[in-house]
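Heads up: take any position in the sequence shown, counting from 1, add 9, and you land on our numbering.
We put the CB at the ideal spot given by N, CA and C, even for glycine.
Computed from a prediction, not measured in an experiment: that's the story for all the values here.
Step one of this worksheet: look at the structure below.
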Amino acid sequence: MRTAPVIPVLVIEDAGEAREIAEALVEGGLSVLEVTLRTTHALDVLRRMNLVRGATVGAGTVTNKAQLDEALSAGAEFIVSPGLTEPLTLAAQKAGVPFLPGVATAGDIMRGMDLGLEHFKFFPATAAGGLPALKALAAPFFAAKFCPTGGITAASAPEWLAHPAVLCVGGSWIVPPGADPAEINRLAREAAALGGQAR
Ligand SMILES: O=C(O)C(=O)C[C@H](O)[C@H](O)COP(=O)(O)O
10 MRTAPVIPVL VIEDAGEARE IAEALVEGGL SVLEVTLRTT HALDVLRRMN
60 LVRGATVGAG TVTNKAQLDE ALSAGAEFIV SPGLTEPLTL AAQKAGVPFL
110 PGVATAGDIM RGMDLGLEHF KFFPATAAGG LPALKALAAP FFAAKFCPTG
160 GITAASAPEW LAHPAVLCVG GSWIVPPGAD PAEINRLARE AAALGGQAR
């Protein structure tokens, strides 16, 4: 979460494009890549991106143990989930893989802390109340650190990153559908530079 200010959330339909997209991101300064398991070829995309020098590739949209196992077999170095369940948390802990589950309420955070977690994705960040909601949650849970994701843009990222409980943000805006590598590289550079401005 501290490697780069933005984790690109990737929904890649064509595995043939995986490698050059990952190269454009890493070269632009975003080396931590979340490949969502939302497409048919997601595991293939993950494997191909893992071949890119300097990339740390994880799986997103992991909602159960079966998907966790598949992602790990494909080489995922971290796991992101939209929500927090005990079975998935225990399985991730048993596998020893960094795990970032989504939380949106005080109860979610408390269940996570009971399981030994302190790092969470705040999801869906904008729809769940935006920065005012995160500020309200971060106050009592002062040890918790967050990666807000969902509805965040290049324009709104700096104010999220300025909050001390926010280590990074996640977002799909860095790889818009149909963007070419040059455009992705430009968006990645812009996102990587947010670290210098806001943190
Ligand atoms: O796929 C998952 O596991 C999710 O939890 C959802 C994604 O993190 C958000 O959909 C990204 O949000 P946008 O940047 O608004 O597109």
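What's the C-alpha gap between residue i and residue j?
i    : j    : result
I16  : M58  : 14 Å
A33  : P141 : 34 Å
V35  : P167 : 20 Å
A134 : M119 : 18 Å
A101 : S181 : 24 Å
A200 : K103 : 33 Å
L93  : D117 : 7 Å
R198 : G37  : 5 Å
S165 : F132 : 15 Å
A31  : V18  : 12 Å
Q206 : P185 : Because the pLDDT at Q206 is just 49, under 50, the model does not fix this residue reliably, and the point stays unresolved.
T114 : A137 : 9 Å
G111 : A152 : 16 Å
T162 : S82  : 32 Å
I88  : L109 : 6 Å
L143 : P157 : 8 Å
F150 : T12  : 23 Å
S40  : Q76  : 23 Å
L55  : G84  : 7 Å
G105 : D23  : 30 Å
E233 : L52  : In the structure as shown, the chain starts at 10 and stops at 208, and residue 233 therefore has no counterpart that could be examined.
R47  : V20  : 7 Å
I183 : G125 : 32 Å
G204 : F155 : 15 Å
On the DSSP letters alone, give me the boundaries of the alpha helix (DSSP H) that residue i sits inside.
i    : result
P139 : Inspection of the sequence shows that residue 139 is occupied by Gly rather than by Pro. First-last of the alpha helix (DSSP H) with G139: 139-147.
V35  : 27-36
E43  : Taken as a continuous stretch (DSSP letters only), E43 belongs to no alpha helix (DSSP H), being part of the beta strand (DSSP E) at 41-45.
A200 : 190-201
M23  : This sequence places Asp at residue 23; Met is not what is there. No alpha helix (DSSP H) holds D23; DSSP gives it neither H nor E.
A134 : No alpha helix (DSSP H) contains A134, which DSSP labels as neither H nor E.
V54  : 51-59
Going by DSSP, what residue range makes up the beta strand (DSSP E) through residue i?
i   : result
P17 : 15-19
Among all the DSSP beta bridges, which residues are the ones paired with residue i?
i    : result
H128 : K154
*Could you tell me which uninterrupted alpha helix (DSSP H) segments, each at least 4 residues in length, are contained entirely in the stretch 66-119, listed from first to last along the chain?*
Listed in chain order, they are 74-82, 95-104.
*Between the stretch 23-31 and the stretch 166-182, are three or more C-beta pairs nearer than 8 Å?*
A contact between stretches requires three or more CB pairs, one per stretch, nearer than 8 Å, and the stretch 23-31 fails this requirement with the stretch 166-182.
*asked:* Three Cβ pairs or more, each shorter than 8 Å: is that satisfied between the stretch 91-99 and the stretch 59-72?
replied: Yes, they touch.
*Quick one: which unbroken beta strand (DSSP E) runs of 3-plus residues sit fully inside the stretch 146-188? Chain order, please.*
Whole beta strand (DSSP E) segments, 3+ residues: 154-157, 178-180.
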